[in-house]
Amino acid sequence: MATIASVDHKSTVFSAGSLLAPFRAVGRFMIALAEASPQMRALNRLSQMSDAELSAKGLTRDGEVRRILGGSAAL
């Protein structure tokens, strides 16, 4: 009489993907948090405007970026 035993090695192996999963989740959360900021929304609206639209309002793209970002624009 023959006996067949099967061993599932996948359940005992620790993959790098499972080790990195929490870090990926934190990274995705931080990106979502940054994209939800009022500054990022204002920058997105600015990027959708053409230079002609800005100049018609008497604005420059550089000036608006500085206004939106404030002191952090120098970085």
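Going by my numbering, the first residue of the sequence shown is number 925, and it counts up by one from there.
Here a beta-carbon is modelled for each residue, glycine too, at the ideal position from N, C-alpha and C.
*asked:* With three or more C-beta pairs closer than 8 Å as the rule, is the region 984-993 touching the region 965-972?
replied: yes
*Considering only residues of the same chain and omitting the five flanking positions on each side of Ser961, which have a CB-CB separation below 6 Å?*
none
_Rounded separation between Met954 and Ser974 - CA only_ = 29 Å
*Alpha carbon to alpha carbon, how far is Glu959 from Thr984?*
Using only the alpha carbons, I get a separation of about 23 Å.
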